[in-house]
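Asks: First, the structure itself, so that you have it in front of you.
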Amino acid sequence: MKLPRWFHLFGSPPFVYRLAGALIPWLGGIACTLLIVGAYWSLVVVPPDAVQGEVYRILYIHPQTAYVSMMAYVVMAVTAGIGYIWRIKLAHAVAVSAAPIGASFTACALVSGSLWGRPTWGTYWEWGDPRIMFETLLLFLFLSYLALRAAFEDRDKADRVSAILAVVGVVNVPIIHYSVLWWNTLHQGPTISKLDSPSMATEFLIPFLIMMAGFTFCFYWLLLSRLRAEIVERERDTRWLQDALQGGRA
Amino acid sequence: MNDLLSMGGHGAYVWPAYGITLAVIVFNVWAARRKLASALDEARRSVGKDQPRNQPRVRQLQ
Chain B
951 MKLPRWFHLF GSPPFVYRLA GALIPWLGGI ACTLLIVGAY WSLVVVPPDA VQGEVYRILY
1011 IHPQTAYVSM MAYVVMAVTA GIGYIWRIKL AHAVAVSAAP IGASFTACAL VSGSLWGRPT
1071 WGTYWEWGDP RIMFETLLLF LFLSYLALRA AFEDRDKADR VSAILAVVGV VNVPIIHYSV
1131 LWWNTLHQGP TISKLDSPSM ATEFLIPFLI MMAGFTFCFY WLLLSRLRAE IVERERDTRW
1191 LQDALQGGRA
Chain R
189 MNDLLSMGGH GAYVWPAYGI TLAVIVFNVW AARRKLASAL DEARRSVGKD QPRNQPRVRQ
249 LQ
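Protein sequences, first through last, are from chains B and R. The numbering of the first sequence is the numbering used here, which starts it at 951 and goes up by one. The numbering of the second sequence is the numbering used here, which starts it at 189 and goes up by one.
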């Protein structure tokens, strides 16, 4: 199979370094605008919930950060897999960049979830809730991926070994997503991602979706920012980077 | 203003949740910038030290 030219272009570190540099200000600007508007909307504009009162406002950040944590894992697993199969170093660089972002958002989702759980469920932490447990497992998968990489002196070896862990661990993501359907537990069922219309009133749904978009842009903003640094680390001695540094263009 | 801070008695849960989320975003932005700055520093230090590696060109792949 003959791959199209753009496919090779996306495996080229100088091209991706410059593309990321051009996209980062846009992604950052859009992310910050959406998050500021969304935060104001969800904290000030929307009325309190009829049943939960004010504490439900956490639900404008908790599902979003949890979703980013899962997206980060999928990005990490897919790029690590591409890097492993086709031996594309840049793909490994994307996977490494996604890991710390994913880990921090997973921790964030767990904390915001427990802050919501205390007044609503009456507990900060429930060992019997599958979604909490598998999200915690996701955090440990990110951390083991990073720890495993740190155990290798040779970067290529670290790339290949950690890619296997990343790909195997991806089974956890659909388990988190479907856990509320497979087990009848404290976590509520899906609200938005149902086939029929979402069971949320429009005035609550709009800020929810703005925050969703804001966190998505924020993730790709952070991913490309880390990726640029990762490319510089990996390409330190290459001619294109040395030339760019000498010409003051890096 | 007080209503906004107290969040109907749930301010102690709502504000820390938003605060931690903001802190995570700010930390990630800061960490990425620091990583790029130190990687560029490191790369600048190795300018002219060794013969740079040539990168395979995209055109040659076709």
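For every residue, glycine included, the Cβ atom is placed at its ideal position computed from N, Cα and C.
(1) Tell me whether the beta-carbon of Pro-998/B lies closer than 8 Å to the beta-carbon of Gly-196/R.
(2) Report the partner residues of Asp-999/B according to the DSSP bridge assignment.
(3) Restricting to Cα atoms, I'd like to know which of Thr-1166/B, Gly-978/B, Pro-954/B is closest to Pro-1013/B.
(4) Nearest chain B C-beta to Leu-249/R closer than 8 Å, yes or no?
(5) Please confirm if Val-214/R has its CB atom under 8 Å from at least one CB of chain B.
(6) With DSSP as the reference, please indicate the residues paired to Thr-1029/B in a beta bridge.
(7) Mind reading off the beta-carbon distance from Ile-213/R to Val-1061/B? Whole number of angstroms is fine, and I expect it under 8 Å.
(8) Ignoring anything shorter than 4 residues, give me the alpha helix (DSSP H) runs that lie fully in the segment 1030-1090 of chain B, in order along the chain.
(9) To the nearest angstrom, report how far apart His-958/B and Ala-1041/B are at their CA atoms.
(10) Closest to Met-1026/B by CA distance: which of Met-1150/B, Glu-1153/B, Glu-1183/B, Asp-1109/B is it?
(11) In this structure, how does DSSP classify Thr-1188/B when only helix, strand and coil are distinguished?
(12) Can you pull the chain B neighbours of Met-189/R, defined as C-beta to C-beta under 7 Å?
(13) The alpha helix (DSSP H) with Lys-223/R in it runs from where to where?
(14) Return the first residue and the last residue of the alpha helix (DSSP H) that Asp-1109/B is part of.
(15) So the candidates are Ala-1097/B, Pro-964/B, Ile-986/B, Ala-1043/B; which of them puts its Cα closest to the Cα of Glu-1180/B?
(16) Use the C-beta contact count for Ala-1151/B: other C-beta atoms within 10 angstroms, 16 or more gives buried, fewer gives exposed.
(17) Just to make sure I have the definition right: I need the residues of chain R whose C-beta is within less than 8 Å of the C-beta of Arg-1068/B. Which are they?
Replies: In this structure, then:
(1) yes
(2) Gly-1003/B
(3) Thr-1166/B
(4) Bear in mind that the predicted position of Leu-249/R carries a pLDDT of just 48, short of 50, making it unreliable; the figure below should be weighed with that in mind. With 8 Å as the cut-off, Leu-249/R counts as an interface residue toward chain B.
(5) no
(6) Partner(s): none; Thr-1029/B has no beta bridge.
(7) With 8 Å as the limit, Ile-213/R and Val-1061/B do not qualify as a contact, their Cβ atoms being about 14 Å apart.
(8) 1039-1071
(9) 12 Å
(10) Asp-1109/B
(11) strand
(12) Within 7 Å Cβ-Cβ: nothing; Met-189/R doesn't reach chain B, min ~11 Å.
(13) 199-233
(14) 1105-1119
(15) Ala-1043/B
(16) exposed
(17) Tyr-201
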